[in-house]
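Notes to accompany the following structure.
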Amino acid sequence: MVSYSTSDFKPGLKILIDDEPCEIIEEEFVKPGKGQAFSKVKFRNLLTQRTGEKTCKVGESLESADVNEVEMQYLYSEGTDRCFMNQESYDQVLVSENLIGDNKNWLTEEDICQVLLWNDAPISIIPPNFVDLKITKTDPGVKGDTASGGNKPATLATGAVIKVPLFVSEGDVVTVDTRSGEYQGRK
Numbered sequence: 001m002v003s004y005s006t007s008d009f010k011p012g013l014k015i016l017i018d019d020e021p022c023e024i025i026e027e028e029f030v031k032p033g034k035g036q037a038f039s040k041v042k043f044r045n046l047l048t049q050r051t052g053e054k055t056c057k058v059g060e061s062l063e064s065a066d067v068n069e070v071e072m073q074y075l076y077s078e079g080t081d082r083c084f085m086n087q088e089s090y091d092q093v094l095v096s097e098n099l100i101g102d103n104k105n106w107l108t109e110e111d112i113c114q115v116l117l118w119n120d121a122p123i124s125i126i127p128p129n130f131v132d133l134k135i136t137k138t139d140p141g142v143k144g145d146t147a148s149g150g151n152k153p154a155t156l157a158t159g160a161v162i163k164v165p166l167f168v169s170e171g172d173v174v175t176v177d178t179r180s181g182e183y184q185g186r187k
């Protein structure tokens with residue numbers, strides 16, 4: 001197992017804290033006027049998504065987390081599980097909907113997603129940044145109701161509800177930014 005010293009700490013680095021995989025969000029080197037220098041690390045636990053802080057003395061080291069990011073294709077849903085296939089080895093993995101969380105709103109069959117694996121088990125699913133989804137339900141735009149450049153709610157094929165401009169109608173395919181859940185354009 002590789003270990004990283006405080007001089008190697010940087011945002012994005014995956015380390016083990018209390019035997020759980022974490023990702024460094026921020027790192028600050030502090031050299032007080034009196035006493036020993038140290039690194040202050042802000043991290044996010046990859047299993048629970050909680051953030052925390054840890055202070056490490058200079059020269060102290062932490063073990064690396066064996067976390068791999070793999071491209072997988074979303075195939076289908078089976079009850080409360082979703083099936084993903086590794087693009088290189090064609091291995092299939094069932095992932096619980098609880099693990100996917102709100103990202104399930106953006107998944108459609110055949111999408112290529114980033115899957116974080118720890119000890120060969122999925123711990124996080126990252127959908128593509130932009131997805132094209134069909135609008136299944138929205139109110140018709142009322143002519144003359146554009147004074148405020150308004151938006152209206154629309155339900156997508158996956159069940160997600162987003163705000164769209166008034167000219168968008170039922171059956172249209174729209175592009176959505178999965179990071180913010182915002183309408184980006186119409187196809």
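With UniProt numbering as the guide, the letters of the sequence shown map in order to residues 1 to 187. We treat Cβ as the ideally placed atom computed from N, Cα and C, and that holds for glycine. Only a predicted model underlies this, so the values are computations on that prediction, with no experimental measurement involved.
Check whether residue i and residue j have beta carbons under 8 angstroms apart
{"i": "residue 22", "j": "residue 74", "result": "no"}
{"i": "residue 173", "j": "residue 133", "result": "yes"}
{"i": "residue 97", "j": "residue 111", "result": "no"}
{"i": "residue 131", "j": "residue 108", "result": "yes"}
The beta strand (DSSP E) enclosing residue i, as first and last residue numbers
{"i": "residue 94", "result": "92-96"}
{"i": "residue 85", "result": "81-86"}
{"i": "residue 16", "result": "14-17"}
{"i": "residue 68", "result": "67-78"}
{"i": "residue 52", "result": "51-57"}
{"i": "residue 129", "result": "It is not in any beta strand (DSSP E) - residue 129 carries neither H nor E in the DSSP assignment."}
{"i": "residue 34", "result": "First-last for residue 34: undefined, no H or E at that position."}
Rounded straight-line distance, which links the Cα of residue j to that of residue i
{"i": "residue 42", "j": "residue 182", "result": "28 angstroms"}
{"i": "residue 177", "j": "residue 104", "result": "14 angstroms"}
{"i": "residue 171", "j": "residue 152", "result": "15 angstroms"}
{"i": "residue 91", "j": "residue 72", "result": "9 angstroms"}
{"i": "residue 54", "j": "residue 167", "result": "50 angstroms"}
{"i": "residue 76", "j": "residue 158", "result": "13 angstroms"}
Buried or exposed by the 16-neighbour rule on C-beta atoms within 10 Å, applied to residue i
{"i": "residue 136", "result": "exposed"}
{"i": "residue 164", "result": "buried"}
{"i": "residue 14", "result": "buried"}
Using 8 angstroms as the threshold, is the segment 75-86 in touch with the segment 22-38, meaning 3 or more CB pairs across them? Judged by Cβ distances under 8 angstroms, the segment 75-86 makes no contact with the segment 22-38, as fewer than three pairs qualify.
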